[in-house]
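The next block holds one structure in the form of structure tokens; read it before the comments.
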Amino acid sequence: MHSLDLWALTTFFLISVLFFLIGSRPIIFHLVCATLLAVFVSWTGKTLSSSFIGEWVVMTTGLILYWFGLVIVRIMLTRSVSLHLLADFAQGKHSATVSEGIAGRLKDAMHFGLVTADQDRYSLTLFGKLIGTIVAISYILLRIK
Amino acid sequence: MSIVVLLVGGFLIAVLLSELALKGTKLQTGLVKVIFAHITVAASLLLYLLLKGGPGWSALIIFWAGAFLTWFGIRSHMESSILLRMLFLLRRGSVPETLLLEEYESHYGEATRLEELFRGNLLKQTSEEIRVTEKGNFILRIVSILK
Chain A
0 MHSLDLWALT TFFLISVLFF LIGSRPIIFH LVCATLLAVF VSWTGKTLSS
50 SFIGEWVVMT TGLILYWFGL VIVRIMLTRS VSLHLLADFA QGKHSATVSE
100 GIAGRLKDAM HFGLVTADQD RYSLTLFGKL IGTIVAISYI LLRIK
Chain B
0 MSIVVLLVGG FLIAVLLSEL ALKGTKLQTG LVKVIFAHIT VAASLLLYLL
50 LKGGPGWSAL IIFWAGAFLT WFGIRSHMES SILLRMLFLL RRGSVPETLL
100 LEEYESHYGE ATRLEELFRG NLLKQTSEEI RVTEKGNFIL RIVSILK
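Residue numbers (numbering that gives the first Met the number 0), protein chains in the order written: chain A, 0 to 144; chain B, 0 to 146.
Structure below.
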């Protein structure tokens, strides 16, 4: 096994372990991942021969995507309304999780400057219209109903 | 062929095959087909790299894990995000809050979510009540570790 493989697999393994250990402290996760990536890039980049540039580019891209992908998965799992509904059933209570979650996202949209409220009516901001158009195109391309 | 072209091209083919396999169904519903498409393409490339005798197998594993996770997260977020669906619904113009929430509820409200949890074998109906299955509890344990 080449030392580049060893370095990349070790970084990959450390990011995976960190993902489970770090819990609800995403800033620490980002900081440690950025440090691990910086060490990987600088250390392996110093001694890199031209015949391994392709592997190095793919590995670095893969590690960055892995970091980003884990962040998305964590957000999905912790914010999912359906999983909150499931957790409610596990705890033997059934509250207004779904409607609260849906109403909460409307507040998020306002917080991010995507939506404005005029009395009781909501409409898209310019930024919201841009994102809304991208979403509509993506729904068509991905055949999302 | 450069390993960059090989892996990026292979991954795009796997994504295309996944979309064809999904046929407009939800990603979580057709996850087995999607994983099958990715494993088939990734395993073929892995075999090719091993037969060629060069390095690159670890590059493939790392790249594929990262790219798959990112694609899965974005794709799944696109189809399930409440916020994005609201933006989509609001494109027609100004809408009262109650109507917007009603429209969203009718599209992907509690009834649909419960149906999906039953279909995914995360909830089961007993004679007295609705219960979380072992699979459901396992997923909740993972979520609690990540919180």
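All residues carry an ideal CB built from backbone N, CA and C; glycine is no exception.
Quick one: does residue i have its CB under 8 angstroms from some CB of chain B?
{"i": "Met58/A", "result": "yes"}
{"i": "Phe88/A", "result": "yes"}
{"i": "Met109/A", "result": "no"}
{"i": "Glu99/A", "result": "no"}
{"i": "Gly53/A", "result": "yes"}
{"i": "Gly44/A", "result": "no"}
Answer with yes or no whether the minimum CB distance from residue i to chain A is below 8 angstroms.
{"i": "Leu49/B", "result": "no"}
{"i": "Ser57/B", "result": "yes"}
{"i": "Glu115/B", "result": "yes"}
{"i": "Lys134/B", "result": "no"}
{"i": "Lys146/B", "result": "yes"}
{"i": "Arg90/B", "result": "yes"}
{"i": "Thr69/B", "result": "yes"}
Answer with buried or exposed for residue i, where buried requires no fewer than 16 other C-beta atoms within 10 angstroms of its C-beta.
{"i": "Ala36/B", "result": "buried"}
{"i": "Arg142/A", "result": "exposed"}
{"i": "Val131/B", "result": "buried"}
{"i": "Ala41/B", "result": "buried"}
{"i": "Glu54/A", "result": "buried"}
{"i": "Thr59/A", "result": "buried"}
{"i": "Ala33/A", "result": "exposed"}
{"i": "Ala108/A", "result": "buried"}
Identify the residues that DSSP records as bridge partners of residue i: which are they?
{"i": "Val94/B", "result": "Tyr121/A"}
{"i": "Ala116/A", "result": "Tyr121/A"}
{"i": "Lys123/B", "result": "Arg130/B"}
Where does residue i fall in DSSP's three states?
{"i": "Lys25/B", "result": "coil"}
{"i": "Arg24/A", "result": "coil"}
{"i": "Ser57/B", "result": "helix"}
{"i": "Lys45/A", "result": "helix"}
{"i": "His1/A", "result": "coil"}
{"i": "Ile141/B", "result": "helix"}
{"i": "Leu61/A", "result": "First, the amino acid is wrong: residue 61/A is Gly here, not Leu. Three-state DSSP puts Gly61/A in a helix."}
{"i": "Ile143/A", "result": "coil"}
Take every Cβ of the segment 95-111 of chain A, pair it with every Cβ of the segment 92-106 of chain B, and state whether three or more of those distances are shorter than 8 angstroms. yes
Whether or not the segment 41-50 of chain A and the segment 67-86 of chain A are in contact is what I'm after, with contact meaning three or more pairs of Cβ atoms, one per stretch, closer than 8 angstroms; do they touch? no
Measuring CB atoms only, is the segment 53-62 of chain B touching the segment 0-14 of chain B, in the sense that at least three cross pairs come out at less than 8 angstroms? yes
Do the segment 22-29 of chain B and the segment 46-58 of chain B make contact, defined as three or more Cβ pairs closer than 8 angstroms? no
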